[in-house]
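Residue numbers (the working numbering), protein chains in the order written: chain S, 1 to 288; chain D, 1001 to 1280. One structure below.
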């Protein structure tokens, strides 16, 4: 990301504030990760003590080992929820990337009033809040029997299409037409042209779109809650919210364990793909 | 060439078009229509004109949620952007550990709203317990709780965007300003800020719309307690739909109002800040 890191580093290492700033940010970083450390700490505490002494380390009679985890996993069927979340996120993102990039290429290369209208509608859909369509969308999804982990992929493709088509179109416009024409003259069908020439060029944008959509879908609560048949299918956010149950009756022990289990996959994903995530966010912001 | 591609419409564009129609166009159009109807499911709609809108505007909780949301959005947009920009400025000075700090600050952004809500419910209630209060003691606690939560979540994200913007400023520009005798504050206001205007546009847009559309965090942190006083618009609409019998039409009318507000803000903000951007 840094255009000229060597230049900047040498320019700044000279300043006398360097060390002070490092110390300041180290302290700030510790404060920043504190909430997560506190949750991890509390997940090993007997549930009666979690809410009463959230900042004390759970030793002695407060310590319960993995009891909260066992309890929480049993109550929420966490591993099922994890499976559904993973399945829905991975499949939806894959389908979104494939379908919207093809669509974006089509509507950029074939300029008719119809494709222009489609592009404008995609732009428009980006500013519509979910509450506007939540009731009708969930009813339509039920009517069309989309209330399952496979059907919801179609809903995500529909509701996520706006941003994805917009970003892909922005990039397709910058691809020189000559490359595709050359492929066509050499006898490629549009399908071959797309998959062998265009899609490889689109790859950086595809990664950006994939990351933005994955972050959204993995953490999405309301759409799956309203669309899915939640007696059968719970994603992780739904499972966490489900623990709350009736008013004021949260099992804080199990809740802490579930929060930790919900965060672990995210941290692993973050550490593994940090470079792509941060680049994706920047690229997405520049085009957005 | 586009003739050859055109025949492939069913393969290239149709899947997205069908999903987009089911997932967006039809629900949106029906939503507009149903806001003028009385209904419990979508099939028993009866046209009632503007009465849903009249009920929505006379509903005190809706008006309250509008002001609460607006105030929250203003405070969070200002705090998040100022802090994110300040951190971005300091983290582009090339100090030791920059990459690690960036990693840490960005991380909360990947955690979902529901999970964030419960994390902060625990921590803020733990702190407030020392004063014999809880988050749901009054709407003010819920308000600042939500502000803290959103800062924690979003500062890292905006910081990343600001860092990219700051690093794009040509070094000569700042050198030149310094040679001309500009002081550090002058460089900031006359060179850095105008040059990162595109980043400011994006970040204010994101924080504005995120603030207005906030739902998960609100639901998990206070769920509107005490008695709907810490309820934001999205949650108010959700409650109108799903917890009040016979109010589906009013909920839909509120949703249309909500949509119009978000759309006006999004478009207005874009026009306003884009006009301040300088050509590079």
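Just so it is clear, CB atoms sit at the ideal spot from N, CA and C, and this is done for glycine as well.
Query: Minimum C-alpha distance to residue 149 of chain S - residue among S:208, S:235, S:24, S:116; Result: S:235
Query: Buried versus exposed, by CB contacts within 10 Å (16 or more), residue 1274 of chain D; Result: exposed
Query: Below-8 Å beta-carbon distance, residue 176 of chain S vs any chain D residue; Result: no
Query: Bridge partner(s) assigned by DSSP for residue 91 of chain S; Result: Bridge partners of residue 91 of chain S: none, in fact.
Query: Same chain, Cβ closer than 6 Å to residue 64 of chain S, neighbours up to 5 away in sequence not counted; Result: 46
Query: Continuous alpha helix (DSSP H) stretch holding residue 1175 of chain D: start and end; Result: 1171-1179
Query: Residues of its chain near residue 1261 of chain D, where Cβ-Cβ distance is below 6 Å and the 5 sequence neighbours each way are ignored; Result: none
Query: Residues, ordered as in the chain, of the stretch 1025-1042 of chain D that lie near chain S by beta-carbon distance below 8 Å; Result: 1025, 1026, 1027, 1028, 1030, 1031, 1034, 1041, 1042
Query: 8 Å Cβ cutoff met for residue 141 of chain S and residue 151 of chain S; Result: yes
Query: Whole-angstrom distance between residue 154 of chain S and residue 138 of chain S, CA atom to CA atom; Result: 12 Å
Query: Inter-residue spacing [alpha-carbon to alpha-carbon] between residue 3 of chain S and residue 275 of chain S; Result: Any reading at residue 3 of chain S needs caution, since the residue's pLDDT is 45, under 50, leaving its predicted position unreliable; the model's value is listed next. So the alpha carbons of these two residues sit roughly 15 Å apart.
Query: Cβ neighbours of residue 85 of chain S in the same chain (closer than 7 Å, five flanking residues each side left out); Result: 218, 235, 236
Query: Element boundaries [alpha helix (DSSP H), containing residue 1216 of chain D]; Result: 1216-1221
Query: Cutoff 8 Å: residue 1006 of chain D Cβ touching any chain S Cβ; Result: yes
Query: Cross-chain neighbours of residue 1104 of chain D in chain S, by beta carbon under 7 Å; Result: 29, 32, 33
Query: Inter-stretch contact at 8 Å, needing at least 3 Cβ pairs: the stretch 32-52 of chain S / the stretch 194-202 of chain S; Result: no
Query: 4-residue-minimum alpha helix (DSSP H) runs that sit fully inside the stretch 215-251 of chain S, ordered along the chain; Result: 222-227, 236-242
Query: Cβ-based burial, residue 254 of chain S [other Cβ within 10 Å; buried from 16]; Result: buried
Query: Same chain, Cβ closer than 7 Å to residue 100 of chain S, neighbours up to 5 away in sequence not counted; Result: 161, 164, 165, 168
Query: Residues of its chain near residue 1114 of chain D, where Cβ-Cβ distance is below 6 Å and the 5 sequence neighbours each way are ignored; Result: 1216, 1220
Query: 8 Å Cβ cutoff, residue 1111 of chain D in contact with chain S; Result: yes
Query: Buried or exposed by the 16-neighbour rule on C-beta atoms within 10 Å, applied to residue 249 of chain S; Result: exposed
Query: Cα-Cα separation, residue 208 of chain S to residue 281 of chain S; Result: 7 Å
Query: Spatial neighbours of residue 188 of chain S in its chain, beta-carbon cut-off 8 Å, leaving aside the 5 residues before and after; Result: 196, 197
Query: Per-residue contacts from residue 1213 of chain D into chain S (C-beta, under 7 Å); Result: 129
Query: Opposing strand residues paired with residue 1038 of chain D [DSSP bridges]; Result: D:1046
Query: Residues, ordered as in the chain, of the stretch 1243-1258 of chain D that lie near chain S by beta-carbon distance below 9 Å; Result: 1248, 1251, 1252, 1254, 1255, 1256, 1258
Query: Residues bridged to residue 63 of chain S (per DSSP); Result: S:45
Query: Where residue 1106 of chain D falls, given that 16 or more other Cβ within 10 Å makes a residue buried; Result: buried
Query: Simplified DSSP state of residue 1281 of chain D, which is helix, strand or coil; Result: Any answer about residue 1281 of chain D is impossible in this case: the structure gives chain D only from 1001 up to 1280.
Query: Alpha-carbon spacing of residue 8 of chain S relative to residue 1163 of chain D, whole angstroms; Result: A caution first: residue 8 of chain S carries a pLDDT of 48, below 50, which makes its placement in the model unreliable, though a value can still be read off. Rounded to the nearest angstrom, the two C-alpha atoms are 13 Å apart.
Query: Rounded separation between residue 1 of chain S and residue 1208 of chain D - CA only; Result: No answer about residue 1 of chain S holds up, because its pLDDT of 42 lies below 50 and its placement is not dependable.
Query: Cβ pair count under 8 Å reaching 3, the stretch 1033-1045 of chain D against the stretch 1234-1252 of chain D; Result: yes
Query: Helix, strand or coil at residue 10 of chain S [DSSP, three-state]; Result: Any reading at residue 10 of chain S must be qualified, since the residue scores a pLDDT of 44, below 50, and its modelled position is unreliable; the value itself is stated next. Residue state, collapsed to three classes: helix.
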